[in-house]
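Report on the following structure.
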Amino acid sequence: MLANVPGSIRVARIFGIDINVHFSWIVIFFVVVTNLSESIYPDQFPKWSREKTFVVSAVSATLFFVSVVAHELAHSLVARRFQMTVSSITLFMLGGVASLTREPPSAKAELFMAAAGPLTSIVIGVAGVIIAFAADAAASSVPSATWLQVVSAVAGYVGPINMVVAVFNLVPGFPLDGGRVLRAAIWGITKDRLRATRIAARGGQVFAGILVSVGVAFVFGIGFPQNELQGILYGFIGYFVWNAASSSLQQERLASVVGGAKVGPLMTADFRSTPPGVMVGQIIRDFVLPMNLRAIPVVSGDRLVGLITIADLRKVEQDRWATTPVEQVMTPASELATVSPDDPLGTALERFGGAEVPLLPVVKDGRLIGVLYREAVIGYVRMQEMLAPQGRR
Ligand SMILES: [Zn+2]
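For my numbering, count along the sequence shown from 1 and bump the result up by 3.
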């Protein structure tokens, strides 16, 4: 699960979760519409006009899009039940990505969260297939009701494609849902999370290898009818799966390097903070520019109420700098990942995760006592790696 995927735009907000669309998904949407309106529907319903075929294709593609959102929302709502915050869902090539600010707290939480998406796709898929059959049967007894053909066409596409989404996502390799299910299962049985991650990530790499091979086979027409576009698409998906699987392996390896180290000794106790009422302009003038600070904790007394980052500040137009208080644009504490000084460094690494925050607030008994800079952790890891005897890992 990635944090903000670059190159995406927000299209909606449901249950307080931003729904973003990545540009690759816009391409996919057009590919789906073209495929439906140029070949699938004309074959099935040759009597339809071009306009009608196109409109029905667009409706089908939109419903496909909506069902992928439903799949991601299912993950997100289950994640919330287990106290994981989901800030956004991004639809891109592989389907969707729900951004979590922290990793699942238990194997059970991960299992339910991962399974919720494919289950939703299966439910939509079965419903679609049943509707398509019913509409088909009705259409053959009432041939004059042409709208039944439309229902059958749309449901006959949306149903099976959701089945495909479910099956693809259930492949037991990280970062796919099936990989998370596998990791949760191994984690639950062996209580060894690192090992579970390693196995699931290896599964993802194997799957990526298969996807790339199929892509190559398509490009050169080996065992498949030659189709360069299809081949490139497989290659892209394989590349993405490989990267995601490798980065989770990397993270796991990092966690094993930091071993038993704690957050406390690496945190900075002498740090700058600001009250929530201070204006954005003053923050930029007094902190950001002269001290080159990229993130500043926002505190009320010694309580952490939020974090303001360069990205937050950039959202404010310059002519509003003098009148916009920090609290209006900061990320509130409820959505922030924090650590305690007694947390293992591995936990901190996880909370940094894919998010672009340069620091984590260190909180003890509700009080902000320090900040942990990303650079400090990276420096520590480098040092450990340099000092580690060869072949220890
Ligand atoms: Zn999923």
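Cβ atoms here follow ideal geometry from the backbone N, Cα and C, with glycine treated the same way.
*Identify every residue that forms a DSSP beta bridge with A298.*
Reading the sequence shown from its first residue, position 295 is the one you call residue 298. Answer by DSSP bridge pairing, in chain order: T312.
*Go ahead and pull the three-state DSSP assignment for P347.*
Numbered from its first residue, the sequence shown carries residue 347 at position 344. Of the three classes helix, strand and coil, the one that applies to P347 here is strand, per DSSP.
*Assign V69 to one of two classes, buried (16 or more other C-beta atoms within 10 Å of its C-beta) or exposed (fewer than that).*
For the purposes of this step, residue 69 is identified with residue 66 of the sequence shown, where counting begins at 1. Exposed, since its Cβ has fewer than 16 Cβ neighbours within 10 Å.
_So for A140, helix, strand or coil by DSSP?_
Taking the sequence shown and counting its residues from 1, one reaches residue 140 at position 137. Here A140 sits in helix by DSSP.
*When you compare only the Cα positions, how much space is there between L307 and S109?*
If you number the sequence shown from 1, residue 307 lands on position 304. If you number the sequence shown from 1, residue 109 lands on position 106. Rounded to whole angstroms, L307 to S109 spans 26 Å at the Cα level.
*When the Cα atoms are used, what is the spatial distance from R201 to G241?*
Counting from one through the sequence shown, the residue named residue 201 turns up at place 198. Counting from one through the sequence shown, the residue named residue 241 turns up at place 238. Each residue's alpha carbon lies about 18 Å from the other.
*asked:* Let me check understanding here. Comparing Cα to Cα, which of W324, V260, G304, I372 lies closest to I286?
replied: To locate residue 286, count along the sequence shown from 1; it is residue 283. For I286, the nearest C-alpha among the options comes from W324.
*Would you call the stretch 17-24 and the stretch 78-94 touching, i.e. three or more CB-CB distances under 8 Å?*
yes
*Sorry if obvious, but does the Cβ on H25 come closer than 7 Å to a heavy atom of ligand 1?*
Locating residue 25 in the sequence shown gives position 22, counting from the first residue. Checking the Cβ of H25 against ligand 1 gives no.
*Indicate the three-state DSSP secondary structure (helix, strand or coil) for D147 in the structure shown.*
Within the sequence shown, numbered from 1, the residue matching residue 147 stands at position 144. Reading off the sequence shown, one finds Ser at residue 147, where the question assumed Asp. If DSSP states are grouped into helix, strand and coil, S147 belongs with coil.
*Inter-stretch contact at 8 Å, needing at least 3 Cβ pairs: the stretch 178-198 / the stretch 223-232*: no
*Report all residues from its chain with a CB closer than 6 Å to the CB of V217; omit the five preceding and five following residues, and keep chain order.*
Within the sequence shown, residue 217 is the residue found at index 214, counting from 1. Cβ within range, chain order: Y237.
*Would you check if the stretch 369-386 and the stretch 252-266 touch, i.e. whether three or more CB-CB distances between them fall below 8 Å?*
yes
*Under the DSSP definition of a beta bridge, which residues are partnered with I12?*
For this step, residue 12 is matched to residue 9 along the sequence shown. I12 pairs with V24.
*According to the Cβ coordinates, are V244 and F221 closer than 8 Å?*
Residue numbering aside, residue 244 sits at position 241 when the sequence shown is read from its first letter. Residue numbering aside, residue 221 sits at position 218 when the sequence shown is read from its first letter. Cβ distance not < 8 Å, so V244 and F221 don't count as in contact.
*Determine the direct distance from the alpha carbon of I127 to that of G19, and round the result to whole angstroms.*
For the purposes of this step, residue 19 is taken as the residue at position 16 of the sequence shown. For the purposes of this step, residue 127 is taken as the residue at position 124 of the sequence shown. Using only the alpha carbons, I get a separation of about 23 Å.
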